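Asks:
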Amino acid sequence: SIMASIKPPDLMIYLKCSIPTIRKRIKIRGRKMEQDIPLSYLKRLHNLYENWIGDYKLSKLLVLESDKLDYVCDLIDRLDVMQQIESLLPKLTRS
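Sequential numbering from 16 applies to the sequence shown in our numbering.
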């Protein structure tokens, strides 16, 4: 399988958010090809990601509840995310 040939990351960062937030961000992003994504597809994809990340054991995992974060435009949110990541860096082992 392809997974056997790919080294897992030292840190997996999962940006967890609700479907309404996903839809809002898609709308704000404004990519024409994304505007008509069916809700049923988003729900299915969301559930698949949630199940996958729930079973993820290949490396250290940081789950960020991103519904209320605006790390793109809000400096405080961006600094908070960076601090959470930086706090884990010393615990990561590189091979």
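Built from N, CA and C at the ideal position, the CB exists for glycine as well. Given the structure is predicted, the values throughout are model-derived calculations rather than measurements.
Rounded to whole angstroms, what's the CA-CA distance from residue 85 to residue 65? Just pull it up for me.
Replies: 21 Å
Asks: Taking 7 Å as the CB-CB cut-off, is residue 88 touching chain D?
Replies: As a matter of chain content, chain D is missing from the structure shown, which is built from one protein chain.
Asks: Assuming residue 82 contacts residue 32 (C-beta within less than 8 Å), just tell me the rounded distance between them.
Replies: 5 Å
Asks: If you draw a straight line from the C-alpha of residue 69 to the C-alpha of residue 77, how long is it?
Replies: 12 Å
Asks: Give a yes or no on whether the C-beta atoms belonging to residue 30 and residue 79 are separated by under 7 Å.
Replies: The answer is yes: Cβ separation under 7 Å.
Asks: Between which two residues does the alpha helix (DSSP H) harbouring residue 101 extend?
Replies: 90-103
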